[in-house]
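Engineer: Quick note: the sequence shown uses full-length UniProt numbering, first residue 1, plus one each step.
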Amino acid sequence: MKPDRERERWRNRWRVMGKGRERENNIKRDRENKIERKREKKKKKKKKKKEKKKEKKKMKKKNKKKKKKKTSKAFLDTVSIAISQKLASNVESRLVSYRYCHRQSTQALKSKPKKTRPVKRDVHFPAFPPQQFPVVVVLKAWKKNKRIVERWEKLEEEEEEPEEEEEECEKVMGENEEEKGRERKEKEIERKKKREIEREREEDEYVFIGSNI
1 MKPDRERERW
11 RNRWRVMGKG
21 RERENNIKRD
31 RENKIERKRE
41 KKKKKKKKKK
51 EKKKEKKKMK
61 KKNKKKKKKK
71 TSKAFLDTVS
81 IAISQKLASN
91 VESRLVSYRY
101 CHRQSTQALK
111 SKPKKTRPVK
121 RDVHFPAFPP
131 QQFPVVVVLK
141 AWKKNKRIVE
151 RWEKLEEEEE
161 EPEEEEEECE
171 KVMGENEEEK
181 GRERKEKEIE
191 RKKKREIERE
201 REEDEYVFIG
211 SNI
């Protein structure tokens, strides 16, 4: 074999080997690229899910706030109606239990009320039907503001006996003023005594210092 032919054969072999290596490298790159693409897709899906959850939470909070505002306005309206009609003093005797009224109100709002089991009543049924007057809301407001009944009772007592209370207040005020005058006089006497004692101490110190000199 001539040396030129051998060289050509070796060159061809190296070319084939180089092409094979390039193919293997390309296959590895393709596999790595596929894996990276899958990872990116998974990350994007996770981000979308998190964003959707955050949006749902925000919407729920907004809906809750809106519902609370509506109920608070209804409470104020019904309480004002009860006070104007002077029902606050007799709320406890006329209202139905909270559970019964709540069931009744939920059924009235729906177009087709579902069948529910009868509930025990803690208080006897009112004289007026609950459809004419919103009993549930008044009861809720009454539970939150239990002082309404006490205020009405106090106002009625004040209207009946205003003169006696004024006389008692005048007597108490006179006694308080006399006690305050006595206390002031006693405090002034104590202050004078303290001042005299301080002056005597200052004079004694001055004499003592002069004798040392």
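Cβ coordinates follow ideal geometry from the N, Cα and C atoms, glycine included.
Expressed to the nearest angstrom, what Euclidean distance is found between the alpha-carbon atoms of Glu-188 and Glu-196?
Structural biologist: Here residue 188 is taken as the residue at index 188 of the sequence shown, counted from 1. Here residue 196 is taken as the residue at index 196 of the sequence shown, counted from 1. Looking at the two C-alpha atoms, the distance is approximately 13 Å.
Engineer: Rounded to whole angstroms, what's the CA-CA distance from Glu-177 to Lys-61? Just pull it up for me.
Structural biologist: Locating residue 177 in the sequence shown gives position 177, where the first residue counts as 1. Locating residue 61 in the sequence shown gives position 61, where the first residue counts as 1. C-alpha separation (whole angstroms): 58 Å.
Engineer: Work out the CA separation of Lys-192 and Arg-199 for me, nearest whole Å.
Structural biologist: In the sequence shown, residue 199 corresponds to position 199, counting from 1. In the sequence shown, residue 192 corresponds to position 192, counting from 1. Those two C-alpha atoms are separated by around 11 Å.
Engineer: Just the C-alpha distance for Lys-53 and Glu-40, rounded to the nearest angstrom, thanks.
Structural biologist: Reading the sequence shown from its first residue, position 53 is the one you call residue 53. Reading the sequence shown from its first residue, position 40 is the one you call residue 40. Rounded to whole angstroms, Lys-53 and Glu-40 show a C-alpha spacing of 20 Å.
Engineer: Helix, strand or coil, according to DSSP, for Lys-62 in the structure here?
Structural biologist: Taking the first residue of the sequence shown as 1, we reach residue 62 at position 62. Helix, per DSSP.
Engineer: Pull up the distance between the alpha-carbon of Glu-175 and that of Arg-182, whole angstroms please.
Structural biologist: To locate residue 175, count along the sequence shown from 1; it is residue 175. To locate residue 182, count along the sequence shown from 1; it is residue 182. Computed Cα separation, rounded: 11 Å.
Engineer: Straight-line CA distance for residue 216 to Arg-15?
Structural biologist: Any answer about residue 216 is impossible in this case: the structure gives the chain only from 1 up to 213.
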